[in-house]
């Protein structure tokens with residue numbers, strides 16, 4: 003028997019695998035349990051369109067959460083995503099409705115601005131060793147303020163191409179269809195899974211989140227990785243803004259208030275370690291679906307206040323934070339890049 007096949011070495015590997023994947027398995031099990039409970043309590047809860055609506059109504063949150071996953075995996079945090087989303091909706095509506103800009107060009111400009119804004123925050127964080135919380139908090143105020151400067155009032159979108167795109171339905175199962183925005187969210191998740199698990203960039207993100215000093219000693223491009231994850235988060239927030247603008251057919255500076263907290267909650271419930279270096283993009287998908295499932299259960303019940311959604315999310319967040327604490331062995335978040 004070779005050393006690689008030795009049971010003595012296999013047991014620690016199995017334990018490490020279980021430790022790394024336990025939060026994801028718990029998240030998936032929780033989603034399945036909630037779905038079965040809903041199916042038992044409410045007629046029609048398990049219909050395909052109900053599950054499709056989870057993606058339709060939360061597609062923009064899923065896109066933001068994928069970008070947030072990479073930031074948290076790298077040991078950071080991004081509080082600006084909700085404001086960048088709102089700014090993107092206002093910018094898109096302003097360009098298309100008031101300046102007659104072609105929709106595709108306007109979308110490209112919005113995505114470029116979101117990516118550049120995220121890259122700028124990442125550069126400030128790594129160049130001056132600033133706390134991500136403070137830099138992205140400033141970014142949140144800047145983006146929300148800029149959106150308000152563009153327009154205080156909501157701007158309705160009636161551009162024919164955008165209205166047509168917003169009404170597109172893609173059949174996925176008998177009796178179920180998705181909007182184009184939900185399909186974009188699925189593509190973003192698949193791209194995120196591939197990027198995190200199958201590329202050199204993904205390995206660098208995990209290494210930087212696990213231990214920035216060790217990653218630097220291994221010759222990994224730590225500064226470039228930090229800038230890249232925030233640029234990716236900015237891109238995802240801007241793309242989510244485009245999807246949200248199509249979902250609402252409007253641009254408004256007060257859209258997506260508190261979305262950054264929902265995104266962080268979805269990432270944590272999805273099993274990503276807040277300290278960085280451990281997690282799965284696929285877990286974030288189930289984290290978002292669980293948030294949507296909670297809202298759906300409350301709607302089907304019809305007697306509970308919508309505030310129960312926040313209470314349930316808060317309880318889940320505490321439970322998963324405690325689980326992370328146990329699995330991390332007492333390791334604290336990095337807080338900054340060395």
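Residue numbers (my numbering): 3 to 340. Quick reminder that beta carbons are idealized off the backbone N, C-alpha and C, glycines included. Computed from a predicted model, the values in this text were never measured in an experiment.
Close-in-space but distant-in-sequence residues of the same chain around residue i (CB under 6 Å, 5 per side omitted)
i, result
"residue 93", "112"
"residue 156", "252 and 254"
"residue 260", "none"
"residue 225", "128"
"residue 274", "71, 74 and 281"
"residue 194", "68 and 283"
"residue 322", "270 and 271"
"residue 84", "258, 261 and 262"
"residue 279", "208, 211 and 212"
"residue 327", "none"
"residue 141", "82 and 123"
"residue 202", "none"
"residue 95", "157, 159 and 253"
Residue i - partner residues in DSSP beta bridges
i, result
"residue 173", "179"
"residue 158", "252"
Continuous alpha helix (DSSP H) stretch holding residue i: start and end
i, result
"residue 206", "202 to 212"
"residue 240", "224 to 250"
"residue 262", "261 to 271"
"residue 92", "83 to 95"
"residue 292", "283 to 303"
"residue 2", "Nothing about residue 2 can be reported from this structure: the residues present for the chain run from 3 to 340 only."
"residue 137", "134 to 152"
"residue 128", "105 to 130"
CB-CB length for residue i against residue j, believed under 8 Å
i, j, result
"residue 99", "residue 186", "Going by Cβ atoms, the distance from residue 99 to residue 186 rounds to 22 Å, so no, they are not a contact pair."
"residue 276", "residue 127", "Contact doesn't hold; Cβ gap of about 17 Å is too wide."
"residue 87", "residue 239", "5 Å"
"residue 379", "residue 119", "The first residue shown for the chain is 3 and the last is 340, placing residue 379 beyond what the model contains."
"residue 204", "residue 91", "Actually they do not touch by this definition, with Cβ atoms about 30 Å apart."
"residue 181", "residue 170", "7 Å"
"residue 183", "residue 245", "4 Å"
"residue 265", "residue 319", "Not quite, the Cβ-Cβ distance comes to about 12 Å (not below 8 Å), so this is no contact."
"residue 317", "residue 296", "No, residue 317 and residue 296 are not in contact; Cβ-Cβ is about 10 Å, not under 8 Å."
"residue 124", "residue 228", "5 Å"
"residue 32", "residue 313", "So it is not a contact: roughly 16 Å between Cβ atoms."
"residue 222", "residue 206", "5 Å"
"residue 302", "residue 62", "Their Cβ separation, rounded to whole angstroms, is 23 Å, which puts residue 302 and residue 62 out of contact at 8 Å."
Beta-carbon contacts of residue i that lie in its chain and below 7 Å, excluding the five residues immediately before and after
i, result
"residue 103", "97"
"residue 310", "300"
"residue 59", "294"
"residue 191", "64, 68, 283 and 287"
"residue 148", "89"
"residue 168", "248 and 251"
"residue 108", "94, 97 and 98"
Residues of its chain near residue i, where Cβ-Cβ distance is below 8 Å and the 5 sequence neighbours each way are ignored
i, result
"residue 49", "177 and 178"
"residue 325", "24, 25 and 28"
"residue 175", "50 and 54"
"residue 306", "300"
"residue 298", "40, 47, 52, 55 and 56"
"residue 154", "255"
"residue 216", "209"
"residue 137", "123, 126 and 127"
Any C-beta of chain B under 8 Å from that of residue i
i, result
"residue 187", "No chain B is present in this structure, which holds just one protein chain."
What runs of the beta strand (DSSP E), each 3 residues or longer, lie entirely inside the region 23 to 76?
none
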